[in-house]
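Comments concern the structure below.
Right, here's the structure in full:
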């Protein structure tokens, strides 16, 4: 017997037929003798509907009232799931954020989870009652409803799993696991049996949107065993575990996955003075306006003590960033300002690269052989990212997938 | 400066444009220096949508989870109204049922209000913050969400007004007041300036569905000054007050209003033994199956000690009632069982009739002159109801409206 948390996303809650399908999965776990808590999202589209109501009510609205409005979507699905479970002969009851309560910071619309009172929920679960819990919502010390920010239900599920000391947290979603890369680009992409938290974070932050990044960070911190699996198909999912747990798998596998992001733009400032304060002058206005800067590349200074600085941002930020940097020209002291918004980012990720050499050179030669030019390079312990021209991105993903031996030997290409 | 409770129904909350119109009315009261609490219904159609989800989830569903689901509709409008009020430069915040809390019995889906904790709400209102309160919902001692039954938001508004010791409770709705009768049948129907609680109850129970009956009962008990007025037009509404307050108006006015109900059926059992237990045997099975019996007429027994018993029920109940009574024939001991489902009920209501004679005879002769036959008669202190053939109902309403001098002298018939 185990204690497990199951989480179902919006597509798995979109209408009663899907809620019943989810309930069947819950039933199977409960009848196997497990204590089960189920964290649910709102029906697909419902949160958008509610957010739009708030925007229509006032473009700049009080986020504490926004939370009152948008948290109602998960309240509905938590109640409905309890009803459906009962109709299948199981005991179930809903626990709203304020009822448990799930404590959060008072930062409305973007609250952080602080903890959860578990005594009553655990007592109820031990008596055989399945707990259905609306994701995304909590209670601040002020006594007011909070929400965790979009996609917050994954984070709720992990927080509930941590608080309940659950044996695992199963995230049911519309994909059936984490793949070596996007199967729409590479039909021979393989589903991973296991992946480390760190790899998952790197893959998520470069565009593999299976799990919310915060939920992975929290699972890593709280040592919650995460599993991603399909709501719609019976298939083993992907376990997201610590590096220790993944153990021997690492030996065989250098690279775990390849991620890409099309939505990039590269900004270059030439002949910036290589002195303290100059680079800070570039990024201070960006930080002030909450522009997310990703890669930063600075060359060694030339004989005159000047250097080129290149960085990447989301493509949509180009107009306002160019304006900010043009305005700060005096202060920064650069010669030329330019951008390229036809670039994409390609990343290879794997804890295996910590103990292996040659990962980068495989990447560079595989891309070079196909005539794909690398504009910038940035590396972390378990990731190498490069910027390339946007038009080559699909080709580059396929080339690297083969180069690192990730291709599935026997994929059904019609699947 | 007064303290007032305003209540807006579902049609007044149907979309942001209407919520803004409601907010304008709230603003006017607040800017006149009043302390204002606003009780809201869900958007028109929303509660039906949520109820249908529950039915689809399971025909027989746990009413405590039903309450979790359906109470979300009012949560949304309470939040949105607060946002809209803020956007108009007013201070506002929502108070959910569990936040105040508004205490109810634990009878889910049909909870009774027990009281309300007012300290924090009053403090906030005194600081100039408009309270927006979702109607229909409360909190049981069990810590779970309750709802008051359909139409419960009127009752919430009255309960909030009573708890806050409000100077009055204004119910904004899609009609602009209480009329002497249905204006669709009698274009010369007049809007009443005042009506007593008792009259309102009699009119409501015979089909003038302006206010939920429970809300009028509660207002009468708690001495809350009620007013019904239009959400959509600026026009004086109708005050619903105690008999003492209405005072001199009574002198002029014998009859306050004429109500009708088409949806009636009359059941007759002939030659029932006139002995203790016989009549009880008729109504016991009906009560057990929660059939609502309205008028009951029993004649004086004949020489053999036998009597005819006639009663009325809602037309839709005929099939099962006939079945019940046929099954109980032995026990009751009647000769013949028959029904007429082509009857309608007509009622004249007025506290004036307490102190005046001739009200009934005016009714009988006015109907008789038009050849309208009266099947049954039942009276209370302030009401006379008769059953007539359904086809005469519009004619009968018009005839009585004139006979009692209720016709408006100068109505705009195109309005």
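Protein chains in written order, with the working numbering: chain A, 13 to 427; chain B, 13 to 427.
Glycine residues also receive a C-beta, built at the ideal position from the N, C-alpha and C atoms.
In this structure, the beta-carbon distance from residue 111 (chain A) to residue 167 (chain A) does not fall below 8 angstroms. If you check each beta-carbon in the stretch 68-87 of chain B against every beta-carbon of chain A, the ones closer than 9 angstroms belong to 68, 69, 70, 71, 72, 73, 74, 76, 77, 78, 79, 80, 81, 82, 83, 84, 85, 87.
Collapsing the DSSP output to three states places residue 375 (chain B) in a helix. The DSSP-derived three-state label of residue 115 (chain A) is strand. Taking 8 angstroms as the cut-off, the Cβ atoms of residue 65 (chain A) and residue 88 (chain A) do not count as close. Residue-level contact check: residue 53 (chain B) does not touch chain A, since none of the beta carbons of chain A fall below 8 angstroms from its beta carbon.
When the Cα atoms are used, residue 360 (chain A) and residue 348 (chain A) turn out to be separated by approximately 32 angstroms. Residues of chain A whose Cβ lies closer than 7 angstroms to the Cβ of residue 95 (chain B) are, in chain order, 66, 69, 70, 73, 74, 77. Think of a sphere of 8 angstroms around the beta carbon of residue 90 (chain B): the chain A residues whose beta carbon falls inside it are 80, in chain order. Within a 10 Å sphere around the beta-carbon of residue 394 (chain B) sit 16 or more other beta-carbons, which makes this residue buried. Counting only unbroken stretches of 4 or more residues, the alpha helix (DSSP H) elements lying wholly within the stretch 202-273 of chain A are 209-217, 225-234, 255-258, 261-264, in sequence order. Residues of chain A with a Cβ closer than 8 angstroms to the Cβ of residue 62 (chain B) are, in chain order, 88. Residue 311 (chain A) counts as exposed, since fewer than 16 other beta carbons sit within 10 angstroms of its beta carbon. Under the three-state reduction of DSSP, residue 404 (chain B) is assigned to helix. Burial of residue 211 (chain B) is indicated by the presence of at least 16 other C-beta atoms within 10 angstroms of its C-beta. Annotation for residue 348 (chain A): the continuous beta strand (DSSP E) segment containing it runs 348-361. In chain order, 17, 19, 145, 147, 165, 168, 169, 172 place their CB closer than 7 angstroms to the CB of residue 51 (chain A), counting only its own chain and leaving out the 5 sequence neighbours on each side. In its chain, beyond the 5 residues on either side, 284, 344, 345 have a beta carbon closer than 7 angstroms to the beta carbon of residue 290 (chain A). Between the alpha carbons of residue 382 (chain A) and residue 229 (chain A) lies a distance of about 37 angstroms. With a cutoff of 8 angstroms on beta-carbon distance, residue 96 (chain A) and residue 70 (chain B) are scored as near each other. Taking 8 angstroms as the cut-off, the Cβ atoms of residue 280 (chain A) and residue 320 (chain A) count as close. By the Cβ test, the stretch 373-389 of chain A is not in contact with the stretch 200-209 of chain A, since fewer than three Cβ pairs between them sit closer than 8 angstroms.
Under a 10 Å Cβ-count criterion, residue 120 (chain B) is classified as buried, with 16 or more other Cβ atoms of the shown protein chains found around its own Cβ. Secondary structure note for residue 166 (chain A): its alpha helix (DSSP H) is the uninterrupted segment 164-175.
Sequence-distant partners of residue 115 (chain B) (beyond 5 residues in either direction) whose C-beta falls short of 7 angstroms from its own C-beta, in its chain, are 126, 127, 128, 150, 151.
Taking 8 angstroms as the CB threshold, residue 165 (chain B) stays off the interface with chain A. One alpha carbon belongs to residue 13 (chain B), the other to residue 45 (chain B), and they sit about 6 angstroms apart. Closest in C-alpha terms to residue 265 (chain A), from the list A:234, A:366, A:342, A:175, comes A:366. Judged by their CB atoms, residue 271 (chain B) and residue 193 (chain B) are nearer to each other than the 8 angstroms cut-off. DSSP places residue 287 (chain A) outside both helix and strand once states are collapsed to three, so it counts as coil. Per DSSP, the continuous beta strand (DSSP E) segment holding residue 146 (chain B) begins and ends at 141-146. Residue environment analysis places residue 58 (chain A) among the buried positions, since at least 16 neighbouring C-beta atoms fall within 10 angstroms of its C-beta. Cβ neighbours of residue 397 (chain B) within its own chain (closer than 6 angstroms, five residues either side excluded): 357, 359, 390. By a beta-carbon distance limit of 8 angstroms, residue 133 (chain A) contacts residue 143 (chain A). Their separation comes to about 5 angstroms.
DSSP places residue 47 (chain B) within a strand segment (E or B) once states are collapsed to three. A check of alpha carbon separations from residue 25 (chain A) across A:109, A:139, A:244, A:234 identifies A:244 as the nearest.
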